[in-house]
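Asker: Heads up: the sequence shown begins at -19 in the working numbering, then just goes up one per residue.
The beta carbon of each residue, even a glycine, is placed where N, CA and C say it ideally should be.
These figures come from a predicted structure and were not determined experimentally.
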Amino acid sequence: MQADVVTWFALLVVVMILVSAVLVLTLPNMIGAVAVSGVVSLGVAVLFVLLHAPDVAMTEAAVGTGLSGVVLALGLRRLGLWRLERTADDAQPAPLISPQT
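#1: How would you call residue 25, buried or exposed, if buried means at least 16 neighbouring beta carbons within 10 angstroms?
#2: Would DSSP call residue 8 helix, strand or coil?
#3: On the premise that residue 17 lies in contact with residue 59, defined as a C-beta separation below 8 Å, what is that separation, rounded to the nearest angstrom?
#4: Less than 6 Å between C-beta atoms, sequence neighbours within five positions excluded: which residues of the same chain meet that for residue 27?
#5: Less than 8 Å separating the beta-carbons of residue 1 and residue 22?
#6: How would you call residue 20, buried or exposed, if buried means at least 16 neighbouring beta carbons within 10 angstroms?
#7: Flag this pair as yes or no: are the beta carbons of residue -1 and residue 56 separated by less than 8 Å?
#8: Sort 62, 32, 48 by Cα distance to residue -14 and report the nearest one.
#9: Where does residue 77 fall in DSSP's three states?
#10: Which of the three DSSP states is assigned to residue -12 in this structure?
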């Protein structure tokens, strides 16, 4: 009976990971995509706990959610994409290399 509960919980976590991964790809808001990618990492960390690998789960939670989220957010800020709403002026992202005039 205990194994059935763990199996169903693992299946629920896998579905949550898959839905979150699809959301990362389809969200127009990049800040939301960074946040949802953290949800994917936390789901993977929960799966590692269910597989009796708490050391790997702690590493995944720290690196996958914390460090990756910070690095992605800093990258968005560096590229000038750190905005909550898009305006008409923001239809195209700024080029990485500006043309010489």
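Answerer: Per the coordinate set shown:
#1: buried
#2: coil
#3: In fact, because the Cβ distance is near 16 Å, the residues do not count as touching under 8 Å.
#4: -7
#5: no
#6: buried
#7: no
#8: 32
#9: coil
#10: helix
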